[in-house]
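Residue numbers (my numbering), protein chains in the order written: chain U, -8 to 125; chain X, -8 to 125; chain L, -8 to 125; chain V, -8 to 125; chain H, -8 to 125; chain R, -8 to 125. For reference, the structure discussed in these notes is given below.
6 protein chains.
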Amino acid sequence: MFSVSVRDHFMIAHSFQGQVFGPAQRLHGATYVVDVEFRRDELDADGIVVDIGRAGDALRAVLAALNFRNLDEEPAFRGRNTTTEFMAFVIHERIAAKIAAGELGPNASGLTSLRVTLHESHVAWAAYEGALGG
Amino acid sequence: MFSVSVRDHFMIAHSFQGQVFGPAQRLHGATYVVDVEFRRDELDADGIVVDIGRAGDALRAVLAALNFRNLDEEPAFRGRNTTTEFMAFVIHERIAAKIAAGELGPNASGLTSLRVTLHESHVAWAAYEGALGG
Amino acid sequence: MFSVSVRDHFMIAHSFQGQVFGPAQRLHGATYVVDVEFRRDELDADGIVVDIGRAGDALRAVLAALNFRNLDEEPAFRGRNTTTEFMAFVIHERIAAKIAAGELGPNASGLTSLRVTLHESHVAWAAYEGALGG
Amino acid sequence: MFSVSVRDHFMIAHSFQGQVFGPAQRLHGATYVVDVEFRRDELDADGIVVDIGRAGDALRAVLAALNFRNLDEEPAFRGRNTTTEFMAFVIHERIAAKIAAGELGPNASGLTSLRVTLHESHVAWAAYEGALGG
Amino acid sequence: MFSVSVRDHFMIAHSFQGQVFGPAQRLHGATYVVDVEFRRDELDADGIVVDIGRAGDALRAVLAALNFRNLDEEPAFRGRNTTTEFMAFVIHERIAAKIAAGELGPNASGLTSLRVTLHESHVAWAAYEGALGG
Amino acid sequence: MFSVSVRDHFMIAHSFQGQVFGPAQRLHGATYVVDVEFRRDELDADGIVVDIGRAGDALRAVLAALNFRNLDEEPAFRGRNTTTEFMAFVIHERIAAKIAAGELGPNASGLTSLRVTLHESHVAWAAYEGALGG
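In structure tokens form, the structure reads like this:
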């Protein structure tokens, strides 16, 4: 299996609902450094997994829609805790949609799965990985 | 698959038995920076993989029993080389036991596997990953 | 010159006032990974710059008063932009006060200066360094 | 599953053929920081995955044959784009050959697979992982 | 003293003249991860060292003029070894010129010095620091 | 001011004398990742701060004399606590001696100072910096 990974980041405010979160129930925030790993079984004719320029642009676009925002006020997340692991899933879903829509180029149809990792500090991170639809 | 990872460290002395270890047969030591990745298929009702506070406490407790010690004198490791990869297995086993004992909370029963990585320097690390019992 | 450094982190929400901040004028947040470098000219009788246990405790206490908070609502920062560089200064001031109050032990009076660095992402950080009072 | 990883690096010049590469069609270069993860199901009698000294030597030897070179002029890569993902495959193949030739010692026959990761910058990396032949 | 730092990177080919360089006399290349530290004595009225958006843009523009190039063919470096330390000086000079030209905003005139660090691998880096003209 | 830095590591056992060290009074150990920064005012005729090959060799030789040892048994450290900050000083002194002895080449006489940093974990490090003799 081959993979290519790109890194970018976004900065948000949010709060959590539920006693398990302790002081993180208060409004606070985070920088999330995001790694997206694009996977495929064989390289394409150019010798690549994905056009890394388009991959980086797609990630930047997905993060721009979240960056410098209070996630508590985003309609898309109403009634959900925007935990690190949940946000990894959200970003996975949004990049998968861009791949399906052809925004990463026609050869990106050969991608089989994505792993999205969000680093919230030097001592904690979370990830979601899953197949790309067919 | 979802995962959450936490990082901590411990500092030990030890020596190895066997010619393959060369100068590491002498008494020396290491700082191990430890990453534990907790995995599950779906998020729980709070939107999390595991209570990260309890996960960090469990790791701290496991490492406290090893920290600032000479592993050559620990009865638990009699007759074993406490290599980086073996210590990853030991920590996996001890955290798995805490999960089984309910110390990470009742929802932690949804965890499926753990990956434990020990970084011994900027150029070498080792890991053990395995399923959680049932 | 000798130095010892310790690292910890805190997570906050805030917003900025002023056109120079662009979209960061919206309520958002950050994880700050904080490094504090303690400096002195000569080691003390124990061969150390500072009691690293007490240094870490002091940093943890200073960050606990900021962690999981909306800095826009903190009376101490009324009318100030809580930029990364300003927060480095605030933490410098608060740790300096703990040193002056003897909380890092009597030998900490030999410390000459501190450098406080706040990492806000993998591509941006800020610092304040200054002498310790006399 | 157990694993041991070692890190080293090499520095090369090259250019790419194909519009997808944009300005990277010009002659340029890269530092590749290379991680090789050696995997096996059980530890050997010494309690190790692989002789880490021999593993590091094997990686150094493979990289020495590439280091400080213009890959465009290497006969082995004629007609191929020496992308990061392709070079991960090449290094996988060459280390696998050394394992098969017994250069990592007789116990290395217990290794089951390798993952080779090449970091080309702080924001991009690529990997190839695959089974070891039998 | 206050400082703000930003990070970016560029990828080049080059070769060196002189026996001291050994195999690096051959055409090869490097990824340089570049950190620029902007320094000033006091924060400006907005509470910042420099407009970090403009600082990042200035660095990107300086690196774009070097990126994906063979430095051996750049007229600006004729007869010079484009070592890591020399390139740190070049980037220092070019960002200083942008500050002097007002491209980082009028308040950037309060900056006193810059430190430019180029990381060429995980085990080697070089820097140049110097005052800003008056 | 120009600088070039190189990184290497060593692994040792030791214990400390003095109540301030708490559980670190027991025999334990550490991996020290060592950065040495070589500084000079102007580049030499080759455009370099120091021959980086010889600099790396010098560091490797200094660390080889410490690596895989119990520092409590080293005559050179009798009666001293081999703290991270003290070991930074020791390494500074030993590399300075090699420079004075001409082992880094004749042009290394232009070096003005060294900074030696020892990283003992992901959350703690220490340094010594000082001028080179005349």
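Built from N, CA and C at the ideal position, the CB exists for glycine as well.
Contact with chain U is absent for residue 27(L), since none of that chain's Cβ atoms lies less than 7 Å from the residue's Cβ. DSSP places residue 106(L) in the uninterrupted beta strand (DSSP E) bounded by 104 to 112. Taking C-beta atoms as the reference points, residue 50(H) and residue -7(H) fail to come closer than 7 Å. Interface flag for residue 65(X) against chain V is unset, since no Cβ pair is found closer than 7 Å. In the DSSP secondary-structure assignment, residue 61(H) is bridged to 4(H).
Ranked by Cα distance from residue 42(H), the options 18(L), 30(L), 69(L) and 74(L) are led by 74(L). Classified as buried, residue -1(U) has 16 or more neighbouring CB atoms from the shown chains inside 10 Å of its CB. With its beta carbon at least 7 Å from every one in chain L, residue 103(R) lies outside the interface. An exposed status is given to residue 70(R), since fewer than 16 other beta-carbon atoms sit within 10 Å of its beta-carbon. Put simply, the CB of residue 75(H) is far from chain V, with every gap to its CB atoms at 7 Å or more. Per DSSP, residue 44(V) is not a residue of any beta strand (DSSP E); the alpha helix (DSSP H) it occupies stretches across 43 to 55. Between residue 110(V) and residue 24(V), the alpha-carbon positions lie close to 5 Å from each other. One alpha carbon belongs to residue 19(U), the other to residue 113(L), and they sit about 20 Å apart. For the region 9 to 28 of chain U, the residues whose beta carbon sits under 7 Å from a beta carbon of chain L are, in order, 14, 15, 17, 18, 19, 20, 21, 22 and 24. Residue state for residue 31(U) is assigned as strand, using DSSP reduced to three classes. Residue environment: residue 32(L) is assigned as exposed (fewer than 16 neighbouring CB atoms within 10 Å of its CB, all protein chains considered). When DSSP states are grouped into helix, strand and coil, residue -2(H) belongs to the strand group.
Secondary-structure assignment with DSSP links residue 19(H) through a beta bridge to 5(H). Using a C-beta cut-off of 8 Å, the region 6 to 20 of chain V makes contact with the region 59 to 67 of chain H, since at least three inter-stretch Cβ pairs fall below that distance. Residue environment for residue 28(V): buried (at least 16 other C-beta atoms within 10 angstroms of its C-beta). Under the Cβ distance rule, residue 112(L) counts among the residues neighbouring chain U, one pair being separated by less than 7 Å. Bridge partners of residue 26(R) according to DSSP: -2(R) and 108(R). Considering only 72(L), 121(L), 39(L) and 76(L), the residue with the shortest C-alpha distance to residue -5(L) is 39(L).
Distance check between residue 36(H) and each of 97(H), 56(H), 124(H) and 107(H) places 97(H) closest, using alpha-carbon atoms only.
Those residues of the region 44 to 61 of chain V placed with their C-beta closer than 8 Å to a C-beta in chain H are 58, 59, 60 and 61, ordered along the chain. Contacts with chain U at 7 Å (Cβ-Cβ) include residue 72(V).
Proximity of residue 2(L) to chain R, defined by a Cβ-Cβ separation below 7 Å, is not satisfied. In the DSSP annotation of this structure, the continuous segment of the alpha helix (DSSP H) that includes residue 87(H) starts and ends at 75 to 91. Rounded to the nearest whole angstrom, the C-alpha separation of residue 92(U) and residue 85(U) is 11 Å. If you compare the alpha carbons of 26(U), 77(U) and 99(U) with that of residue -3(U), the shortest gap goes to 26(U). With respect to chain X, the C-beta atom of residue 99(U) has no partner C-beta closer than 7 Å.
What residue 120(V) touches in chain U, judged by beta-carbon distance under 9 Å, is -8, -7 and -6, going in chain order. In the displayed model, residue 36(X) falls within coil according to three-state DSSP, outside both helix and strand. The beta-carbon of residue 107(R) is placed no less than 7 Å from the nearest beta-carbon of chain H.
Restricting attention to 77(V), 104(V), 48(V) and 8(V), the CA atom closest to the CA of residue 123(V) is found in 104(V). Within 7 Å of the CB of residue 69(U), no CB atom of chain L is found; the nearest one sits about 17 Å away.
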